[in-house]
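Asker: Quick one: this structure, given as structure tokens, is what I'll be asking you about.
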Amino acid sequence: MDVDLTLLLVLDLAGVFAFALNGALTAIRVARIDIIGVLTLGVITALGGGIVRDIMIGDVPPATFSDWRYLAVAATGALVAFGLGARLTRLTMPITVLDAAGLSLFAVTGAGKALEFGLGPVQAVILGAVTAVGGGTIRDMMLQRVPTVLRSELYAIPALVAATLTVVGHGLGPVALAPVLAALACFVIRMVGVRLDLHAPRPRGFEPQE
Amino acid sequence: MDVDLTLLLVLDLAGVFAFALNGALTAIRVARIDIIGVLTLGVITALGGGIVRDIMIGDVPPATFSDWRYLAVAATGALVAFGLGARLTRLTMPITVLDAAGLSLFAVTGAGKALEFGLGPVQAVILGAVTAVGGGTIRDMMLQRVPTVLRSELYAIPALVAATLTVVGHGLGPVALAPVLAALACFVIRMVGVRLDLHAPRPRGFEPQE
Amino acid sequence: MDVDLTLLLVLDLAGVFAFALNGALTAIRVARIDIIGVLTLGVITALGGGIVRDIMIGDVPPATFSDWRYLAVAATGALVAFGLGARLTRLTMPITVLDAAGLSLFAVTGAGKALEFGLGPVQAVILGAVTAVGGGTIRDMMLQRVPTVLRSELYAIPALVAATLTVVGHGLGPVALAPVLAALACFVIRMVGVRLDLHAPRPRGFEPQE
Numbered sequence: 001m002d003v004d005l006t007l008l009l010v011l012d013l014a015g016v017f018a019f020a021l022n023g024a025l026t027a028i029r030v031a032r033i034d035i036i037g038v039l040t041l042g043v044i045t046a047l048g049g050g051i052v053r054d055i056m057i058g059d060v061p062p063a064t065f066s067d068w069r070y071l072a073v074a075a076t077g078a079l080v081a082f083g084l085g086a087r088l089t090r091l092t093m094p095i096t097v098l099d100a101a102g103l104s105l106f107a108v109t110g111a112g113k114a115l116e117f118g119l120g121p122v123q124a125v126i127l128g129a130v131t132a133v134g135g136g137t138i139r140d141m142m143l144q145r146v147p148t149v150l151r152s153e154l155y156a157i158p159a160l161v162a163a164t165l166t167v168v169g170h171g172l173g174p175v176a177l178a179p180v181l182a183a184l185a186c187f188v189i190r191m192v193g194v195r196l197d198l199h200a201p202r203p204r205g206f207e208p209q210e
Numbered sequence: 001m002d003v004d005l006t007l008l009l010v011l012d013l014a015g016v017f018a019f020a021l022n023g024a025l026t027a028i029r030v031a032r033i034d035i036i037g038v039l040t041l042g043v044i045t046a047l048g049g050g051i052v053r054d055i056m057i058g059d060v061p062p063a064t065f066s067d068w069r070y071l072a073v074a075a076t077g078a079l080v081a082f083g084l085g086a087r088l089t090r091l092t093m094p095i096t097v098l099d100a101a102g103l104s105l106f107a108v109t110g111a112g113k114a115l116e117f118g119l120g121p122v123q124a125v126i127l128g129a130v131t132a133v134g135g136g137t138i139r140d141m142m143l144q145r146v147p148t149v150l151r152s153e154l155y156a157i158p159a160l161v162a163a164t165l166t167v168v169g170h171g172l173g174p175v176a177l178a179p180v181l182a183a184l185a186c187f188v189i190r191m192v193g194v195r196l197d198l199h200a201p202r203p204r205g206f207e208p209q210e
Numbered sequence: 001m002d003v004d005l006t007l008l009l010v011l012d013l014a015g016v017f018a019f020a021l022n023g024a025l026t027a028i029r030v031a032r033i034d035i036i037g038v039l040t041l042g043v044i045t046a047l048g049g050g051i052v053r054d055i056m057i058g059d060v061p062p063a064t065f066s067d068w069r070y071l072a073v074a075a076t077g078a079l080v081a082f083g084l085g086a087r088l089t090r091l092t093m094p095i096t097v098l099d100a101a102g103l104s105l106f107a108v109t110g111a112g113k114a115l116e117f118g119l120g121p122v123q124a125v126i127l128g129a130v131t132a133v134g135g136g137t138i139r140d141m142m143l144q145r146v147p148t149v150l151r152s153e154l155y156a157i158p159a160l161v162a163a164t165l166t167v168v169g170h171g172l173g174p175v176a177l178a179p180v181l182a183a184l185a186c187f188v189i190r191m192v193g194v195r196l197d198l199h200a201p202r203p204r205g206f207e208p209q210e
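Rendered as structure tokens:
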């Protein structure tokens, strides 16, 4: 196998692991769920975005669902969260870093796959972001929370930036560097957002009834 | 381009705009969301029903998702809601009228598309209603509300009437008038329902724990 | 028609009826919904899992959605719940038994269909469970409850056992007995779980904020 492809696979699986671990931890913190819930929500956080993208572009059965390695790594991430639970709280920063890496990779590979399947540039940007944030959104809907990505932090925005750079790079020709730069930009924006506690702007003049 | 087709496109885009505006406004009123949330929920309200229908009938990528005009108009509707926000409250009646127009158009075109793809009459009626009310349902699920369409008002019922008339008209032959009458019926029932505050019947003998 | 196939259809429709009745009753108990809500949630509980499975494997329009008998039986189950409502509370045990039968059948037929469509064994087990528990999960998401299947009772586990036995039996060759044993195992585990009030293990050391 090509060295680059192996590297990409390893990175991708690292992102899946981080998403599943982080997703399962969030679930455990928020609701009284059992091991089935932890497994389900961890795997959905990790693979849900890519599954929605693949259903939208007609690549079924969805790629990561068909590949047992993705399922196994996602399930392992969820089970580690189940087993270690509260003790992982000390590792918040490494988990956030891994999660940001996953976000970056998923946005880039998601947009790239949409382009491969012949979708337009705007659609590819949206599907890149859906790949990156879709799983966490479904998890939040199952946990009865308004999805974080709709409310606060910079989470969708770095994903949109990465997807946009991927699409622009693709338009400029076969530049292998574009996806790398796109992922880096996403990672940096996300981590700066976490550090400085940045949020996307909110509408004014409304006091929601929450 | 055919004048009738242009008219249909313009009407359809007007419905998309109304759905996106109304969907985004509802979202702003109900939850503390940021600009990403307003955009996402506006676009999902406008296009979500048609996307679900297209996934169910196997027309992927979904038609309105592939057409940048639909995405652009939906995003514009959501951004207008974000920008004007509270000031739009004075325009409740025009927005309700536009929304009823969208409901009528989506129910008719949704049922028609299902028939084109060879689905049976019952399935076409259901998918017409799904096209009309599906986007708002997904928005409500994301906002942590039991979807309005399941609870109160006459919203699904006029859509079901329009879809049924469309299917019946299709069975009678190529009558161009049937979709128009179907849409009109839906519009009138919806507006009468709003005026008279009509609701679908509720089951008796239960006091839900809400 | 083959006697066995007729028997399977009758059993399957009995499961659909039980799921729709039970799903609609749960909905009526939990939220203030109207007849559209009762119908929608009953039908989704009964057919939602199979629809998700069919979308994942690319069999669209989904099989049970295309077959008017499934729609009719599901709608009837929901309407019976709407009409009889509170009076059905006396029938809790028969409804639980029918629901367990539905769970068993759906897990077995769901896993079998996934295998037929060429999916791997792990994927078939997951889709068997999705077929069995997916509809109730979507209903709970619409009703703003964390899906029961993620929280408590033995509900997903017997479905996973049945799906696993189906896949193993399929690997051993064309043994007609395997699906029957798989369904029986699921039914027995589910009913024992109900009787003894068994639950899947929960993560320790967390007190969710619920």
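Residue numbers (our numbering), protein chains in the order written: chain R, 1 to 210; chain W, 1 to 210; chain S, 1 to 210.
No residue lacks a Cβ here, since even glycine has one placed at the ideal position from N, Cα and C.
In this text the structure is predicted, and so the values were computed from the model without any measurement.
(1) Please go through the segment 146-196 of chain W and give each complete alpha helix (DSSP H) segment of 4 or more residues, from N-terminal end onward.
(2) According to a CB-to-CB cut-off of less than 8 Å, which residues of the segment 127-149 of chain W neighbour chain S?
(3) Report buried or exposed for ASP140(R), applying the criterion of at least 16 other Cβ atoms within 10 angstroms of its Cβ.
(4) Since SER152(W) meets chain C, which of its residues come closer than 7 Å, beta carbon to beta carbon?
(5) How about ALA78(S) and VAL38(S): are their beta carbons less than 7 Å apart?
(6) Looking at chain R, is there any beta carbon in it that lies within less than 7 Å of the beta carbon of ILE57(S)?
(7) Should GLY129(W) and LEU160(W) be called a contact, given that it needs their Cβ atoms to be closer than 7 Å?
(8) Specify the secondary structure class of ALA200(R) as computed by DSSP and reduced to three states.
(9) Please classify VAL149(R): is it buried, with 16 or more other beta-carbons within 10 angstroms of its beta-carbon, or exposed?
(10) How big is the Cα-Cα spacing for ARG151(S) and ASP99(S)?
(11) Taking 7 Å as the threshold (beta carbon to beta carbon), is VAL108(S) in contact with chain R?
(12) Apart from the five residues on each side of it in sequence, which residues of its chain come closer than 7 Å, Cβ to Cβ, to GLY85(W)?
(13) Check whether the segment 12-19 of chain R and the segment 41-56 of chain R touch, using three or more Cβ-Cβ pairs below 8 Å as the test.
(14) Could you tell me which whole beta strand (DSSP E) segments of length 3 or greater appear in the segment 84-159 of chain R?
(15) Kindly indicate which three-state DSSP category GLY58(R) falls into: helix, strand or coil?
(16) Would you say ILE95(W) lies against chain R (beta-carbon separation less than 7 Å)?
(17) Determine, for PRO201(S), whether the minimum Cβ-Cβ distance to residues of chain R falls below 7 Å.
(18) Look at the alpha carbon of VAL192(W) and the alpha carbon of GLU116(R), and state the distance between them as a whole number of angstroms.
(19) Do VAL167(R) and ALA111(R) count as a contact pair if the criterion is CB distance below 7 Å?
(20) Report the neighbours of ARG216(S) on chain R: residues whose CB is nearer than 9 Å to its CB, in chain order.
(21) Taking the alpha carbon of GLN123(R) as the reference point, which residue from ALA163(R), THR137(R), ILE138(R) and MET142(R) has its own alpha carbon closest?
(22) Which of the three DSSP states, helix, strand or coil, is assigned to ILE51(S)?
(23) Do the CB positions of VAL43(W) and ALA74(W) come within less than 7 Å of each other?
(24) Take LEU11(W) and list the residues in its own chain whose beta-carbon comes closer than 7 Å to its own, dropping the five residues that flank it on each side.
(25) Exposed or buried, which one is PRO158(S) when buried takes at least 16 other CB atoms within 10 Å?
(26) Beta-carbon of PHE17(W) versus every beta-carbon of chain R: anything under 7 Å?
(27) What's the gap between the Cα of ALA20(S) and the Cα of ILE95(S)?
(28) Please name the residue in VAL60(S), HIS170(S), ILE138(S) and VAL97(S) whose C-alpha comes closest to that of GLY120(S).
(29) So which of PHE187(S), LEU165(S) and ALA24(S) has the shortest CA-CA distance to LEU177(S)?
(30) For ALA14(W), does the three-state DSSP call read helix, strand or coil?
(31) Return helix, strand or coil for PHE31(W), following the three-state DSSP convention.
(32) In chain R, what lies closer than 8 Å to LEU218(W) by C-beta?
(33) Can you pull the chain S neighbours of LEU119(W), defined as C-beta to C-beta under 8 Å?
Answerer: If we stick to the structure as given:
(1) 156-171 and 177-196
(2) THR137, MET141, GLN144, ARG145, VAL146, PRO147 and VAL149
(3) buried
(4) Although the question refers to chain C, the structure presented lacks it and instead comprises the protein chains R, W and S.
(5) yes
(6) yes
(7) Residue identity differs from the one stated: residue 129(W) is Ala in this sequence, not Gly. Taking 7 Å as the Cβ cut-off, ALA129(W) and LEU160(W) qualify as a contacting pair.
(8) coil
(9) buried
(10) 18 Å
(11) no
(12) ILE28
(13) yes
(14) none
(15) coil
(16) no
(17) yes
(18) 49 Å
(19) yes
(20) The shown model of chain S, from 1 to 210, leaves out residue 216(S), and the question about it has no answer.
(21) ALA163(R)
(22) helix
(23) yes
(24) LEU105
(25) buried
(26) no
(27) 11 Å
(28) HIS170(S)
(29) LEU165(S)
(30) helix
(31) Here the sequence assigns Ala to residue 31(W), which means Phe is not the residue at that position. Correct three-state label for ALA31(W): coil.
(32) The first residue shown for chain W is 1 and the last is 210, placing residue 218(W) beyond what the model contains.
(33) PRO61 and SER66
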